[in-house]
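*Asks:* Please find one structure pasted underneath; my questions will follow.
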Ligand code: SF4
Ligand code: SF4
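Protein chains in written order, with this note's numbering: chain A, 1481 to 1872; chain B, 40 to 182.
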């Protein structure tokens, strides 16, 4: 039993496609079996909503009169990278406001930065804009200050080089003092555990060998429609995996892009991490076409099948030494307590499971209503050497 | 002397150190000051430091004298004139605060993984205010 992208899209157009979330498909597979479920279900929607530091946006401010190069740009006093063409700039999610005291005194609060600028733009809020230039014969203007909103920008699109890690480290602290990390506050002597994954709803865990995901895949990004731009930085499919294909470490990543003007600030938020810095919470949902039984089997993955590495962020991780202490399942992490090296440790999440559910449900609705068609990637993500990705 | 007859019902937090933890203070509040203390939440660390969140009812004058007594014992007494609120629109339900909240006022419901805030249990330690990535937890001052 095989289905093509074209057949699935035809069903979507006719309003007849069977679309379920990556949570719902688990029960369906249990009830009717993989074979019957694969025949019934056309698309499985995934979702994730968490802090994704490697994010940012390209902005174009329109040409001015007289014209200006804009070699330096600040948005609400957060510097953007303007070493590209005139009136283009890239605002990075982790950029601090000019003059932010950072970690002095420690732990710093990091109240505002690039991630907040991106959220404020998407929310339509006013931004204080400042630009400087050295002046050229073709671009004579040297200084500009004004307030603007996203409506005043010619173009604004997200381009995130590394989002949606397939699996992720679980943070614990083996040292003897509290550490303030991008995994949150970790108390000494393995006092608590923080984890960051959407588990069974996570995009790349539902297509672990990237049979349907690659450059050109249309996705839910920040409440709007976006696209996968290819493998993200540090994409590495080669590490160890479980029998079901789940990598037991970070593995795959996604580069994603999308027009900010159609996004919704509910699904993209600037964040401040105590003692660490500013960043961006990004909401992503990837639709998985059920091309055959193998794809259905992959999407039926449960939290109990996903093993994540517990890593020491107190001593090993900062020192650049292998930080892994043990592996636990996402189901165990979600229970509120796990045992590591003989110690019971309370757990807390960092990425929002309720928001991941909301995103998977929103994408499901878009597809059911015929507003969102699946796209066949122009190039799949690099996969495990030797893994045969059968063509549909 | 009408003032002396005023009944009060207040919430206080007692923070204590290893030296003061041995004192039978709740007993004295009842016996010497005729107060009715209600322990809402207690936490003592292995190092014998911790806090008690108490609801106390009794006569205003008795309450005032009892607070003096506690302070003389070396306890830190904080009456809850501030409280903490959550801005529901800013909260992303990420759950990070549930790992640091000492009183379980912020807790995760399972299996839904929804984050709930029970203001009754909050001891106004303000930890979540710094930890919440989207600044959803905020201080509000009582009237
Ligand atoms: S840390 Fe903040 S955003 Fe996250 S669940 Fe707690 S209150 Fe909500
Ligand atoms: S202030 Fe925040 S962290 Fe402290 S008890 Fe209240 S809810 Fe919990």
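A virtual CB, placed ideally from N, CA and C, is assigned to each residue, including glycine.
Since the model is a prediction, treat every value here as computed from it, not as a measurement.
Any idea what DSSP makes of residue 1542(A), helix, strand or coil?
*Replies:* In the first chain, residue 1542(A) corresponds to position 62, counting from 1. Coil.
*Asks:* Roughly how many angstroms lie between the CA atoms of residue 156(B) and residue 1870(A), to the nearest whole one?
*Replies:* As a working mapping, residue 156(B) is identified with position 117 in the second chain. As a working mapping, residue 1870(A) is identified with position 390 in the first chain. Cα to Cα, residue 156(B) sits roughly 49 angstroms from residue 1870(A).
*Asks:* Taking 6 angstroms as the cut-off, is the CB of residue 1835(A) close to at least one heavy atom of ligand 1?
*Replies:* Counting from one through the first chain, the residue named residue 1835(A) turns up at place 355. Residue 1835(A) Cβ: outside cutoff for every heavy atom of ligand 1.
*Asks:* Tell me which residues of the segment 149-161 of chain B have at least one Cβ-Cβ distance to chain A shorter than 9 angstroms, keeping chain order.
*Replies:* 149, 150, 151, 152, 153, 154
*Asks:* Closest to residue 1752(A) by CA distance: which of 1710(A), 1548(A), 1582(A) is it?
*Replies:* Locating residue 1752(A) in the first chain gives position 272, counting from the first residue. The candidate whose alpha carbon is nearest that of residue 1752(A) is 1582(A).
*Asks:* Contact check, residue 1571(A) vs residue 1539(A) under 8 angstroms by CB: the rounded distance?
*Replies:* As a position in the first chain, residue 1571(A) is number 91, starting the count at 1. As a position in the first chain, residue 1539(A) is number 59, starting the count at 1. Right, their Cβ atoms sit about 6 angstroms apart.
*Asks:* Near residue 62(B), which residues of its chain fall below 6 angstroms by C-beta distance, leaving aside the five closest residues on each side in sequence?
*Replies:* Position 23 of the second chain, counted from the start, is the residue given in the question as residue 62(B). These residues qualify, in order along the chain: 112.
*Asks:* Measure the CB-CB distance between residue 1674(A) and residue 1663(A) and report whether it falls below 7 angstroms.
*Replies:* Here the question's residue 1674(A) lines up with position 194 in the first chain. Here the question's residue 1663(A) lines up with position 183 in the first chain. Against a cut-off of 7 angstroms, the Cβ pair of residue 1663(A) and residue 1674(A) comes out as a contact.
*Asks:* Beta-carbon of residue 1818(A) versus every beta-carbon of chain B: anything under 7 angstroms?
*Replies:* Within the first chain, residue 1818(A) is the residue found at index 338, counting from 1. With 7 angstroms as the cut-off, residue 1818(A) does not count as an interface residue toward chain B.
*Asks:* For a contact defined as C-beta to C-beta under 7 angstroms, what are the partners of residue 1589(A) on chain B?
*Replies:* Locating residue 1589(A) in the first chain gives position 109, where the first residue counts as 1. Those within 7 angstroms of residue 1589(A) in chain B are 169.
*Asks:* Does ligand 2 have even one heavy atom less than 6 angstroms from the beta-carbon of residue 81(B)?
*Replies:* Along the second chain, read from residue 1 onward, the residue named residue 81(B) stands at position 42. Flag unset: Cβ of residue 81(B) not near ligand 2.
*Asks:* Does DSSP classify residue 121(B) as helix, strand or coil?
*Replies:* The residue you call residue 121(B) lines up with position 82 of the second chain. Assigned with DSSP and collapsed to three states, residue 121(B) falls in strand.
*Asks:* If contact means a Cβ-Cβ distance below 7 angstroms, which residues of the segment 1741-1759 of chain A contact chain B?
*Replies:* 1749, 1751, 1752, 1753, 1754
*Asks:* Which bits of chain A does residue 94(B) rub up against, with CB to CB less than 9 angstroms?
*Replies:* Taking the first residue of the second chain as 1, we reach residue 94(B) at position 55. Those within 9 angstroms of residue 94(B) in chain A number zero; the least Cβ separation is about 27 angstroms.
*Asks:* Would you verify that the beta carbon of residue 134(B) is, or is not, closer than 7 angstroms to some beta carbon of chain A?
*Replies:* Counting from 1 along the second chain, the entry for residue 134(B) is found at position 95. Taking Cβ atoms only, chain A reaches closer than 7 angstroms to residue 134(B), which makes this a yes.
*Asks:* Please indicate yes or no: does the CB of residue 134(B) lie closer than 6 angstroms to some heavy atom of ligand 1?
*Replies:* Looking up residue 134(B) in the second chain gives position 95. Residue 134(B): yes, Cβ under 6 angstroms from ligand 1.
*Asks:* Label residue 1686(A) either buried or exposed according to how many other C-beta atoms from any shown protein chain fall within 10 Å of its C-beta, with 16 as the threshold for buried.
*Replies:* To locate residue 1686(A), count along the first chain from 1; it is residue 206. It is buried - the Cβ of residue 1686(A) has at least 16 other Cβ atoms within 10 Å.
*Asks:* For residue 1608(A), I'd like the list of residues in its chain whose CB is within less than 6 angstroms of its CB, leaving aside the five on either flank, ordered along the chain.
*Replies:* If you number the first chain from 1, residue 1608(A) lands on position 128. Excluding residues within five positions, the ones whose Cβ falls inside 6 angstroms are 1556, 1627.
*Asks:* Is it the case that the segment 1496-1503 of chain A contacts the segment 1754-1761 of chain A, given that we only count it when at least three CB pairs across the two stretches are under 8 angstroms?
*Replies:* No, the segment 1754-1761 of chain A is not in contact with the segment 1496-1503 of chain A.
*Asks:* Look at the alpha carbon of residue 165(B) and the alpha carbon of residue 178(B), and state the distance between them as a whole number of angstroms.
*Replies:* Taking the second chain and counting its residues from 1, the one referred to as residue 165(B) is at position 126. Taking the second chain and counting its residues from 1, the one referred to as residue 178(B) is at position 139. So the alpha carbons of these two residues sit roughly 8 angstroms apart.
*Asks:* Along chain A, in chain order, which residues have C-beta atoms closer than 9 angstroms to that of residue 139(B)?
*Replies:* As a working mapping, residue 139(B) is identified with position 100 in the second chain. Those are 1664, 1665, 1667, 1672, 1828, listed as they occur along chain A.
*Asks:* Where do the ends of the beta strand (DSSP E) carrying residue 1796(A) lie?
*Replies:* As a working mapping, residue 1796(A) is identified with position 316 in the first chain. Segment 1796-1799 is the alpha helix (DSSP H) holding residue 1796(A); no beta strand (DSSP E) there.
*Asks:* Is any beta-carbon of chain B found at less than 7 angstroms from that of residue 1833(A)?
*Replies:* Here the question's residue 1833(A) lines up with position 353 in the first chain. Closer than 7 angstroms: yes.
*Asks:* At a CB-CB cut-off below 9 angstroms, which residues of chain B make contact with residue 1761(A)?
*Replies:* Numbered from its first residue, the first chain carries residue 1761(A) at position 281. Under the 9 angstroms cutoff, chain B gives 131, 133, 172, 173.
*Asks:* From the DSSP output, which residues share a beta bridge with residue 1753(A)?
*Replies:* For the purposes of this step, residue 1753(A) is identified with residue 273 of the first chain, where counting begins at 1. 1757(A).
*Asks:* Considering only their Cβ atoms, is the gap separating residue 1766(A) from residue 1699(A) smaller than 7 angstroms?
*Replies:* Taking the first residue of the first chain as position 1, residue 1699(A) is located at position 219. Taking the first residue of the first chain as position 1, residue 1766(A) is located at position 286. Yes, they are a contact pair.
*Asks:* Among 1530(A), 1845(A), 1485(A), whose alpha-carbon lies nearest the alpha-carbon of residue 1833(A)?
*Replies:* Indexing the first chain from 1 puts residue 1833(A) at position 353. Nearest of 1530(A), 1845(A), 1485(A) to residue 1833(A), Cα basis: 1530(A).
*Asks:* Please name the residue, chosen from 1554(A), 1559(A), 1534(A), 1485(A), that lies closest to residue 1523(A) on a Cα-to-Cα basis.
*Replies:* Taking the first chain and counting its residues from 1, one reaches residue 1523(A) at position 43. The option with the nearest alpha carbon to residue 1523(A) is 1485(A).
*Asks:* Just curious, the alpha helix (DSSP H) that residue 1852(A) is in, first and last residue?
*Replies:* Against the first chain, residue 1852(A) aligns to sequence position 372. Careful: residue 1852(A) lies outside any alpha helix (DSSP H) and carries neither H nor E.
*Asks:* By the 10 Å Cβ neighbour count, where 16 or more other Cβ atoms means buried, how is residue 66(B) classified, buried or exposed?
*Replies:* For this step, residue 66(B) is matched to residue 27 along the second chain. Residue environment for residue 66(B): exposed (fewer than 16 other C-beta atoms within 10 angstroms of its C-beta).
*Asks:* Could you check the C-alpha separation between residue 123(B) and residue 1711(A) for me, to the nearest Å?
*Replies:* Looking up residue 123(B) in the second chain gives position 84. Looking up residue 1711(A) in the first chain gives position 231. Rounded to whole angstroms, residue 123(B) to residue 1711(A) spans 43 angstroms at the Cα level.
*Asks:* Around the Cβ of residue 1682(A), are there at least 16 other Cβ atoms within 10 angstroms (buried) or fewer (exposed)?
*Replies:* Taking the first chain and counting its residues from 1, the one referred to as residue 1682(A) is at position 202. Looking at its Cβ environment, which holds 16 or more other Cβ atoms inside 10 Å, residue 1682(A) is buried.
*Asks:* Under 7 angstroms between C-beta atoms, does residue 1766(A) make it to chain B?
*Replies:* As a position in the first chain, residue 1766(A) is number 286, starting the count at 1. Not an interface residue.
*Asks:* Would you list, in chain order, the members of the segment 1522-1550 of chain A that have their beta-carbon closer than 8 angstroms to a beta-carbon of chain B?
*Replies:* Those would be 1529, 1530, 1531, in chain order.
*Asks:* Using a cut-off of 9 angstroms between C-beta atoms, extract the partners of residue 1814(A) located in chain B.
*Replies:* The sequence position of residue 1814(A) within the first chain is 334, counting from 1. Per Cβ cutoff of 9 angstroms: 147, 149, 150, 152.
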